[in-house]
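Before any comments, here is the structure.
Residue numbers (UniProt numbering): 1 to 190.
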């Protein structure tokens, strides 16, 4: 499905390795210093940087580069592999640049974990964090989750399998696995 997304006119799409991690870059003809750092969704077990094509219009309309990371996926590569990949790429491409981190679903949760790691390591905070329907609680036990269980497209059983595959030997309430379990003030700092 992702590969069927249309290219945005005037935005050059390339692939590269950054810190040994595959990335997809979207650059408008006029590109300023800013950066959109994209983290794709896919329940930690699927998805790719091709999902960023849906956001490449943002890069064009704001004259910034968009970088999307093909981080390692579970179950072959459980936590913290994907987060380590994001940190490695972020450390290279976001240095001294105004950056907004964007993620959807599992990528939204990973984006939140990345901000936590950035701040824990003493790096410069991003200018912003945009999460779309972030999967930030891998226990799948919130009131909202349970109330909507039979309405959601993805089953609780399937998501729970993905959560366990991603977390590996780590507790699902580890704040870097499920950012909702960490201090939310982290995301308000500037």
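Just so it is clear, CB atoms sit at the ideal spot from N, CA and C, and this is done for glycine as well. Predicted, not measured: the structure shown is a model, and the values here were computed from it.
- [ ] Pull up the CB-CB distance for residue 65 and residue 59, whole angstroms please, since I reckon it's below 8 Å.
- [x] 6 Å
TODO: Spell out the partners DSSP gives residue 103 in its beta bridges.
DONE: 39 and 131
Task: Option in 128, 34 and 81 with minimal Cα separation from residue 63 - done: 34
Open item on the list: I'd like the span of the beta strand (DSSP E) that includes residue 67, first residue to last.
Closed with: 65–69
- [ ] Starting from residue 89, follow the beta strand (DSSP E) in both directions and report where the run begins and ends.
- [x] From DSSP, residue 89 is part of no beta strand (DSSP E) but of the alpha helix (DSSP H) over 81–93.
Open item on the list: I'd like to confirm the pairing. Which residues does DSSP put opposite residue 16 in its beta bridges?
Closed with: 23
Task: Any 3 or more C-beta pairs closer than 8 Å across the segment 42–52 and the segment 17–32 - done: yes
Task: Cut-off 6 Å between Cβ atoms - residues of its own chain near residue 97, not counting five sequence neighbours on either side - done: 33 and 35
- [ ] Buried or exposed for residue 10, please, with buried defined as at least 16 other CB atoms from any protein chain shown within 10 angstroms of its CB.
- [x] exposed
Open item on the list: Please identify the residue among 80, 85 and 79 whose C-alpha is closest to the C-alpha of residue 191.
Closed with: What is shown of the chain runs 1 to 190, which leaves residue 191 out entirely.
Open item on the list: Since residue 69 and residue 89 should fall inside the 8 Å C-beta cutoff, what is the C-beta to C-beta distance between them, to a whole number of angstroms?
Closed with: 5 Å
Open item on the list: Could you tell me the alpha carbon to alpha carbon distance between residue 81 and residue 184, rounded to whole angstroms?
Closed with: 23 Å
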